[in-house]
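K.L.:
Below: one structure in structure tokens.
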Amino acid sequence: MSGTRTVVKGVGAYLPARIVTNAEMAKIVDTTDDWIVERTGIMQRHIAAEGEYTSDLATAAGRAALENAGMDASSIDMVLVATATPDETFPATAVTVQAKLGITGGAAFDLQAVCSGFVYGFAVADNLIRGGLAKNILLIGAETFSRILDWEDRTTCVLFGDGAGAVVLSGETDAGDRGIIANKLRSDGTKHDLLYVDGGPSTTQTVGKLRMRGKDVFKHAVTNLADIVEAVLQDTGLSPSDIDWIVPHQANRRILDATAKKLGVDPDRVVVTVHDHGNTSAASVPLALERAVRDGRIKRGDLVLLEAMGGGFTWGASLVRW
Numbered sequence: 009m010s011g012t013r014t015v016v017k018g019v020g021a022y023l024p025a026r027i028v029t030n031a032e033m034a035k036i037v038d039t040t041d042d043w044i045v046e047r048t049g050i051m052q053r054h055i056a057a058e059g060e061y062t063s064d065l066a067t068a069a070g071r072a073a074l075e076n077a078g079m080d081a082s083s084i085d086m087v088l089v090a091t092a093t094p095d096e097t098f099p100a101t102a103v104t105v106q107a108k109l110g111i112t113g114g115a116a117f118d119l120q121a122v123c124s125g126f127v128y129g130f131a132v133a134d135n136l137i138r139g140g141l142a143k144n145i146l147l148i149g150a151e152t153f154s155r156i157l158d159w160e161d162r163t164t165c166v167l168f169g170d171g172a173g174a175v176v177l178s179g180e181t182d183a184g185d186r187g188i189i190a191n192k193l194r195s196d197g198t199k200h201d202l203l204y205v206d207g208g209p210s211t212t213q214t215v216g217k218l219r220m221r222g223k224d225v226f227k228h229a230v231t232n233l234a235d236i237v238e239a240v241l242q243d244t245g246l247s248p249s250d251i252d253w254i255v256p257h258q259a260n261r262r263i264l265d266a267t268a269k270k271l272g273v274d275p276d277r278v279v280v281t282v283h284d285h286g287n288t289s290a291a292s293v294p295l296a297l298e299r300a301v302r303d304g305r306i307k308r309g310d311l312v313l314l315e316a317m318g319g320g321f322t323w324g325a326s327l328v329r330w
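Spelled out as structure tokens, the structure:
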């Protein structure tokens, strides 16, 4: 399918109804609103209700993306869900979402790259479309990180929340300069101990809890994210000044500010939503993307850069003409 471009046709988002403020967190662990805001920029997070699963969040975001694209679920021939918190060990959460949306054809599978999952999925979907294996892909980042947090560890439990974001990606042969321009993906398994979950089916036969060495993660995040953005731009012959909007993984406001400074990018061109929902892992990039499209910041023709880093370490970036 030479000449096919992968175009974003629609965006969608879903956040659980329950909001937990920093003041409420201070009743659970030894922390304060000032401490959390100063170190992370987070003011609140959304927590999934009892019986509300990752697939439910993903399905709601997927429906919203389809509605935004003006497309029926029947037109989707592949569902990809980026998640580190699946409903079950198997089957894939994507298959459950496929069923909940009433899609009976095509294929569905999960991607696991933790907080980088949506950006990894963006690259995978782009190549599947350009390779002719799919025409319309529903790509979703969805997480219920509240289920794997140690609620007695104030250094981690205040950081994360639940949510889902989605995009509809379609192959077009007459897209002009619109569509995905470039993708870059990286990983470094030697950094496992800096951010991981201490359980799993093959090791402990338990779900486990999230463990993180925050200062080390911060240092690597700023360096890795700046490097991957520069690598994407080098491939395309563009510079940071050409980018209209950077949509980063919403982990920590200080990471966002430090990365923008390292790249020499105006902070006003960085989409920030971490204050509203905390770190939602694979859901954070599409949640921020949907917000910026919905409020009119991202417009047709804009050059948009997505970037993220997560446990593994994994990190990546994608450049797309809106």
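Counting from 9, one number per residue, gives the positions in the sequence shown under this note's numbering.
Ideal placement from N, C-alpha and C gives every residue a C-beta, glycine not left out.
The structure presented is a predicted model; accordingly, all values stated were derived computationally and were not measured.
(1) Would you call the segment 249-269 and the segment 145-153 touching, i.e. three or more CB-CB distances under 8 Å?
(2) Which residues does DSSP list as the beta-bridge partners of N191?
(3) What three-state label does DSSP hand I236 in the structure shown?
(4) Nearest-angstrom Cα distance between E238 and T14?
(5) Can you name the start and end residues of the beta strand (DSSP E) that V28 belongs to?
(6) Evaluate I36 with the Cβ neighbour count: other Cβ atoms within 10 Å of its Cβ, from every protein chain shown; 16 or more gives buried, anything less gives exposed.
(7) Between E298 and the rest of its own chain, which residues show a CB-CB distance below 7 Å, the 5 nearest in sequence each way excluded?
(8) Within 8 Å, do at least three Cβ pairs link the segment 32-49 to the segment 72-90?
(9) Quick check for students: name the residue ranges of the alpha helix (DSSP H) that lie wholly in the segment 76-159, counting only runs of 4 or more.
(10) Assign P209 to one of three DSSP states: helix, strand, or coil.
(11) Let's see if you can read the secondary structure: which residues bound the beta strand (DSSP E) around P256?
(12) Rounded to a whole number of angstroms, what is the C-alpha to C-alpha distance between A107 and V89?
(13) Less than 7 Å separating the beta-carbons of D170 and T181?
(14) Just curious, the alpha helix (DSSP H) that A268 is in, first and last residue?
(15) Are there 16 or more other CB atoms within 10 angstroms of the CB of S210, so buried, or fewer, so exposed?
(16) Using the Cα positions of R305 and T212, report the straight-line distance between them to the nearest angstrom.
(17) Report the partner residues of H54 according to the DSSP bridge assignment.
(18) Let me know the secondary structure DSSP gives D170 once reduced to three states.
(19) Relative to the alpha-carbon of V175, which residue among R277, S247, A115, M86 has its alpha-carbon at the smallest distance?
(20) Going by DSSP in three states, A183 sits in which element: helix, strand or coil?
(21) According to DSSP, what are the bridge partners of V278?
(22) In three-state terms, what does DSSP make of L246?
P.N.:
Inspection of the coordinates gives the following:
(1) no
(2) S326
(3) helix
(4) 22 Å
(5) 26-29
(6) exposed
(7) V19, G20, A21, G173
(8) no
(9) 101-108, 125-138
(10) coil
(11) 253-256
(12) 13 Å
(13) no
(14) 261-271
(15) exposed
(16) 46 Å
(17) I27
(18) strand
(19) M86
(20) coil
(21) I254
(22) coil
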